[in-house]
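Undergrad: All the letters of the sequence shown, read from the start, carry residue numbers 7 to 392 under our numbering.
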Amino acid sequence: MLVLVINSGSSSLKYQVRDVAAGSVLTEGLIEKIGMGNGGGGDGEIEGPRDHSEALEQVDAAIHRELGELELGAVGHRVVHGGERFAEPVLIDNEITRAIERLNPLAPLHNPANVLGIRAITRKWPDMPQVAVFDTAFHRTLPEHAWRYAVPDELYTNHGIRRYGFHGTSHEYVTRRAAALLDLPVEEFDGVIAHLGNGASVTAIQGGCSVDTSMGFTPLEGLVMGTRSGDLDPSILVFLGRAGWTPEDIDTMLNRESGLKGLAGNNDMRSVVEASEAGDARAAMALAVTSYRLAKYIGGYHVAVGGAKALVFTAGIGENSHQFRGLVADRLAALGIELDAVLNGERSKEPRVISTAQSAIPVLVVPTDEEQAIAEATAAVVSSAG
Ligand code: AMP
């Protein structure tokens with residue numbers, strides 16, 4: 007089956023056409039500046055599609071230019087927030103679209119854009135099966151003691167304030183691949199998955215299910231990220247509010263100006279590692295803070311899963327930065343974790359073991375592929391519905 011995978015943002019639309027069985031990308035692209043122009047081309051016209059429907063026309067034209075005539079079997083949407091309702095990918099109909107829309111308050115930047123993408127497809131191809139794949143769904147197995155914040159119950163019951171977790175599609179996909187690499191049925195996999203990209207989260211996996219994860223009510227909680235602070239004392243926000251900062255100021259500072267960028271002046275891990283190796287003290291400190299925070303979570307999650315059988319690194323930094331993996335592993339000696347310097351230094355796109363034979367548990371690098379995971383989930387839902 008050919009699946010069009012859509013990641014619809016407020017002003018951008020990312021797409022891939024995937025051959026699910028082959029696991030291959032047939033074509034991909036990114037339409038930007040949606041809503042900022044009026045179609046482009048003529049006199050005085052500004053570049054950029056008017057809306058998501060016009061963006062979709064551009065996607066359709068690009069796909070046909072690249073691939074000629076082809077039959078798409080379904081569209082798979084990346085949807086950020088599935089709230090408490092969605093624990094699995096679902097076939098989209100009007101009721102589901104409205105349900106996703108009702109979750110807008112929980113993800114005000116993302117869910118409305120996802121709905122625009124869904125409605126654009128519905129208008130253009132009314133009979134096309136569409137599937138929503140939720141970033142939060144894999145974490146619906148968190149036990150209550152892991153998803154509760156210790157605040158008055160009313161915040162949960164009236165406002166839905168609890169921990170949801172994100173990056174679920176990636177954590178689930180990597181869990182399956184890691185179990186396969188270790189020759190374990192996924193139901194027997196207990197481990198810790200560190201998804202380290204520009205956004206970063208770590209998940210505790212027990213019996214193949216998520217039992218804790220570092221992101222919470224929003225993707226801000228947890229690890230030190232490219233531009234996000236991760237955990238901090240919430241009283242800091244009260245302090246800043248009293249000092250005259252607006253909610254928008256605080257939001258921007260925590261989500262866009264913090265993390266590696268705040269500490270080292272740069273959100274790109276490659277640059278921070280290079281600067282540190284060249285003797286830059288701020289960069290070295292940023293790496294120390296970031297690796298220390300992650301190591302603390304890994305230690306905690308080792309306990310949460312009753313003894314991890316593996317530690318897995320994935321995403322941009324996890325897959326590519328042997329230096330950062332080394333810094334984290336150095337802090338995990340108490341768990342008996344030991345990397346093999348040669349295996350850790352190798353470059354490969356294949357899932358692999360990078361620890362020594364003496365390491366108490368294997369350490370793996372498993373490349374993630376969220377679009378393939380969405381395409382597979384979409385094909386599975388459509389097949390079982392058909
Ligand atoms: P992602 O969000 O998964 O695309 O990951 C982005 C992050 O991965 C950025 O911080 C990049 O600097 C980092 N990254 C990508 N390639 C490398 C590399 N070869 N070495 C170190 N970091 C890398």
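In this text, a Cβ means the ideal position worked out from N, Cα and C, and glycines have one as well.
Would you mind working out which of L202, R169 and Q136 sits nearest V81, comparing C-alpha positions?
TA: Q136
Undergrad: Can you tell me whether Y298 is buried or exposed? The criterion is at least 16 other CB atoms within 10 Å of its CB, across all chains shown.
TA: exposed
Undergrad: Return the bridge partner residues of N13 from the DSSP annotation.
TA: N13 pairs with K20.
Undergrad: Of all the options E344, L349, S17 and A294, which has the alpha carbon lying nearest to the alpha carbon of Q407?
TA: The displayed coordinates of the chain run from 7 to 392. Any statement about residue 407 would go beyond what the structure contains.
Undergrad: I'd like to check one pair, V369 with L293: are the Cβ atoms closer than 8 Å?
TA: no
Undergrad: Could you tell me how far apart the beta carbons of V388 and G88 are, in whole angstroms, since I believe they sit closer than 8 Å?
TA: Contact doesn't hold; Cβ gap of about 18 Å is too wide.
Undergrad: For the ligand AMP, I want to know if S220 counts as a neighbour, meaning its beta carbon is within less than 7 Å of at least one of the ligand's heavy atoms.
TA: no
Undergrad: May I have the straight-line CA-CA distance separating D274 from A206, to the nearest angstrom?
TA: 13 Å
Undergrad: Assess contact between the stretch 350 to 363 and the stretch 149 to 164, defined as three or more Cβ pairs (one per stretch) separated by less than 8 Å. Is contact present?
TA: no
Undergrad: Express the C-alpha separation of L148 and A156 in angstroms, rounding to a whole number.
TA: 16 Å
Undergrad: Please report the distance separating the alpha-carbon of G174 from that of A67.
TA: If you take the alpha carbons of G174 and A67, they lie about 32 Å apart.
Undergrad: State buried or exposed for M221, treating a residue as buried only when at least 16 other CB atoms are found within 10 Å of its CB.
TA: Looking at its Cβ environment, which holds 16 or more other Cβ atoms inside 10 Å, M221 is buried.
Undergrad: Whose C-alpha, out of A340, L76, E352 and G351, is nearest the C-alpha of D25?
TA: L76
Undergrad: Just how far apart, CA to CA, sit M231 and L266?
TA: Going by C-alpha positions, M231 is about 6 Å away from L266.
Undergrad: So who's on the other strand from I199, going by DSSP bridges?
TA: T209 and V318
Undergrad: Does the ligand AMP have a heavy atom nearer than 7 Å to the CB of S264?
TA: no
Undergrad: Less than 8 Å separating the beta-carbons of D141 and F172?
TA: Yes, the Cβ-Cβ distance between D141 and F172 is below 8 Å.
Undergrad: Does the distance between the C-beta of D141 and the nearest non-hydrogen atom of the ligand AMP fall short of 7 Å?
TA: no
Undergrad: Just list the alpha helix (DSSP H) runs in the stretch 154 to 202, keeping only unbroken ones of 4 residues or longer that don't cross its boundaries, in chain order.
TA: 159 to 165 and 174 to 187
Undergrad: Could you tell me the alpha carbon to alpha carbon distance between L73 and L8, rounded to whole angstroms?
TA: 12 Å
Undergrad: Cβ of A335 within 7 Å of any heavy atom in the ligand AMP?
TA: no
Undergrad: Is S235 closer than 8 Å to L260 when the C-beta atoms are compared?
TA: yes
Undergrad: Rank N110, F319, L109 and V121 by C-alpha distance to the C-alpha of D99 and give the top, closest one.
TA: V121
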